[in-house]
Amino acid sequence: TRTNSPTAAFSQSSTLMRDFATRNSNAVARATIRSHTNDELTPSQQMTKRIDTTCGKGGARRIPHPGGPAPKLTRDHCIMKRAGSWAPIVLETYKLLFFDVPKVGSTGFKQLFLRMTGSELWKERNADQLHWKATTHLRTLSNYTLEEAQVMMTSPNWNRVIFVRDPKERLLSAFLDKVVRNRGVYAGRACCKKYHYVREFREKKWGASKREIQCMHEVFTFEGFLRLATTECKDEPHWRAQSRRVDSDFWGYINFVGYMDSIAKDAKSMLELLAPDAWDKYGASGWGTTGNESIFQGLDNAHHHTHGGASSHYHSHFTPRIEKEADVYLAEEYQHGVIKLPHHCNRSQ
Numbered sequence: 033t034r035t036n037s038p039t040a041a042f043s044q045s046s047t048l049m050r051d052f053a054t055r056n057s058n059a060v061a062r063a064t065i066r067s068h069t070n071d072e073l074t075p076s077q078q079m080t081k082r083i084d085t086t087c088g089k090g091g092a093r094r095i096p097h098p099g100g101p102a103p104k105l106t107r108d109h110c111i112m113k114r115a116g117s118w119a120p121i122v123l124e125t126y127k128l129l130f131f132d133v134p135k136v137g138s139t140g141f142k143q144l145f146l147r148m149t150g151s152e153l154w155k156e157r158n159a160d161q162l163h164w165k166a167t168t169h170l171r172t173l174s175n176y177t178l179e180e181a182q183v184m185m186t187s188p189n190w191n192r193v194i195f196v197r198d199p200k201e202r203l204l205s206a207f208l209d210k211v212v213r214n215r216g217v218y219a220g221r222a223c224c225k226k227y228h229y230v231r232e233f234r235e236k237k238w239g240a241s242k243r244e245i246q247c248m249h250e251v252f253t254f255e256g257f258l259r260l261a262t263t264e265c266k267d268e269p270h271w272r273a274q275s276r277r278v279d280s281d282f283w284g285y286i287n288f289v290g291y292m293d294s295i296a297k298d299a300k301s302m303l304e305l306l307a308p309d310a311w312d313k314y315g316a317s318g319w320g321t322t323g324n325e326s327i328f329q330g331l332d333n334a335h336h337h338t339h340g341g342a343s344s345h346y347h348s349h350f351t352p353r354i355e356k357e358a359d360v361y362l363a364e365e366y367q368h369g370v371i372k373l374p375h376h377c378n379r380s381q
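Residue 228 in my numbering is what sits at position 196 of the sequence shown, and the numbering runs on without skipping anything.
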C-alpha cells in the first residue's frame with residue numbers, strides 16, 4: 033500500500049522494519065545459539081588454541097617521529113570534523129590525542145578519559161548514555177584553532193594513539209551488535225533508509241521502495257551485511273574502515289598503535305607512557321562489575337575468544353567463501369603501513 037504522506041510513509045517504513053526484525057532476527061539468533069553447540073567448535077579451549085597458534089598475538093607498537101616538513105592541517109581534514117565521530121579526543125594534561133574506533137573498546141576508553149579528567153560520569157554503566165555524555169564532557173581536536181591543532185598533530189611531544197582490531201572480527205562484532213542484538217533496526221536505518229523516499233514508476237507516491245525492501249533483507253544475513261557495510265553504507269562509524277580513521281597525510285604522525293587482542297596490556301602501556309602514576313591512579317583498579325579489576329581485565333585474549341565475543345562466533349559466520357570475499361573488501365586495512373595488523377589469517381580453513 034502506498035501513501036502520499038511522508039509522515040505516514042515513515043510510520044509505514046518503521047512498521048515494515050519491525051516486521052522484518054521479528055521474522056529475521058529470530059533466525060539469526062537460532063543460528064548463533066547453534067554455534068555454541070556445534071561439536072566442531074567445542075571445547076572452547078580448542079578454539080582458543082587454534083586461533084592463537086594460527087593468528088598469533090599482537091602487542092602495542094611505538095612509532096618514531098617522521099622527518100621532513102609536516103603537512104598543513106586545514107578544516108577540510110576529516111580529523112577536524114566533530115560530526116561523524118572523526119575528530120580525536122584530546123586530553124591536554126597528558127598531551128594525548130586519542131583516535132577512538134567503534135567496536136575497539138571505545139566505551140571503556142571514554143570511561144577512562146572521563147575518569148582522568150575528574151568527571152564522575154565515568155561510572156555510567158549504560159553505554160548509549162556514556163557515549164552521549166562523553167561528547168559534551170571530552171574535548172576533541174575540532175574544539176581548537178588550526179594553529180593549536182597543527183601542533184597537537186605534528187609535535188613529537190604529543191602522544192597520538194589509536195587502537196585497532198582484526199577487520200573481519202570487527203565487522204562481525206558490528207553485525208552481532210547492530211543486527212542480532214538490535215534486531216536489525218540500527219543497521220536497517222543506516223543502510224536502507226536512504227532508499228525510502230523514492231519515486232517509482234513516475235508516480236508521485238512515497239513509501240518503501242523495492243530497493244529498500246531488498247536492502248532490509250540483505251542486512252539480516254551476515255553475507256549481505258558484509259557487502260553493504262563495505263560498499264553502500266561504508267561511512268557508518270561502527271564499521272567504517274580503520275584505515276580511514278586518520279587522513280592519509282597524517283597517518284605518519286600516529287606514534288602509538290594498540291591492538292584489541294592485547295587491549296588490557298596495551299592500555300596499561302599507554303597509561304604508563306602518559307604519566308608515571310597514570311596506571312596506578314586510573315587503570316589498575318576500580319573497574320569491572322565489583323570494582324576490583326583493572327581496565328579491560330575482562331577483555332584479555334582468552335576471554336575474548338571464548339566467552340561470547342565476536343571471535344567465539346567466527347566459525348559460524350565466516351565460511352571459506354565469505355572469508356575470501358571479506359579479504360577482498362578489507363584488503364586496504366590489512367595492507368595498511370601504520371596499522372600493521374599482526375594476525376591477518378584465514379581462520380575458516
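All residues carry an ideal CB built from backbone N, CA and C; glycine is no exception. This one's a predicted model, so the numbers in the text were calculated from it and none came from an experiment.
Close Cβ partners of residue i (< 6 Å) along its chain, the five nearest in sequence each way excluded
i	result
W399	The displayed coordinates of the chain run from 33 to 381. Any statement about residue 399 would go beyond what the structure contains.
C265	A222, C223
R202	K135
T262	Y361
Alpha-carbon spacing of residue i relative to residue j, whole angstroms
i	j	result
L331	A159	16 Å
R93	Q246	43 Å
L170	R147	11 Å
N175	L128	14 Å
R157	P101	44 Å
G256	T321	36 Å
A206	R259	13 Å
A222	R192	30 Å
L306	S317	17 Å
T167	K356	38 Å
D267	P103	25 Å
P120	I327	21 Å
A115	V196	21 Å
M112	Y346	35 Å
D209	W164	18 Å
K180	D312	In the sequence under discussion, the amino acid at residue 180 is Glu, which differs from the Lys named in the question. Their backbone Cα atoms lie some 30 Å apart in a straight line.
K242	H109	37 Å
F145	W319	13 Å
P308	N189	16 Å
T149	V183	21 Å
One or two residues paired with residue i in a DSSP bridge
i	result
G290	F195
E124	Answer is none; E124 lacks a bridge partner.
W319	E325
L146	In the DSSP output, where bridge partners are listed per residue, L146 has none listed.
T172	I121
L129	V122, R192
R93	V289
Contacts around residue i, its chain only, beta-carbon distance under 7 Å, and the 5 residues preceding and following it disregarded
i	result
Q143	W154, L162
S275	E364, E365, H368, I371
F141	F130, D132
N287	R94, I95, H97, N191, R192
E152	none
Rounded distance between the beta-carbons of residue j and residue i, thought under 8 Å
i	j	result
K200	A358	5 Å
G216	F252	6 Å
R107	L178	7 Å
A296	L303	That pair is no contact at about 11 Å.
G91	Y291	7 Å
L204	H349	6 Å
P269	S117	4 Å
Neighbourhood of residue i by C-beta distance below 8 Å, restricted to the same chain and skipping five residues each side
i	result
K372	R93, V289
Buried versus exposed, by CB contacts within 10 Å (16 or more), residue i
i	result
V278	buried
E12	With the chain covering 33 to 381 only, the question about residue 12 has no answer from this structure.
N324	exposed
D293	buried
S187	exposed
N333	Residue confidence is low: N333 scores 47 on pLDDT, short of 50, so the model does not pin down where it sits. Its coordinate-derived value is still stated next. The residue in question, N333, is buried, as its Cβ has 16 or more Cβ neighbours within 10 Å.
V360	exposed
L105	buried
G26	With the chain covering 33 to 381 only, the question about residue 26 has no answer from this structure.
K300	buried
S344	buried
S138	buried
D298	buried
I83	In this prediction, I83 scores a pLDDT of 33, lower than 50, which makes its location untrustworthy; no coordinate-derived value is stated.
D281	exposed
Test: residue i CB closer than 7 Å to a CB of chain B
i	result
S117	Judged by its chain identifiers, the structure shown contains no chain B, having just a single protein chain.
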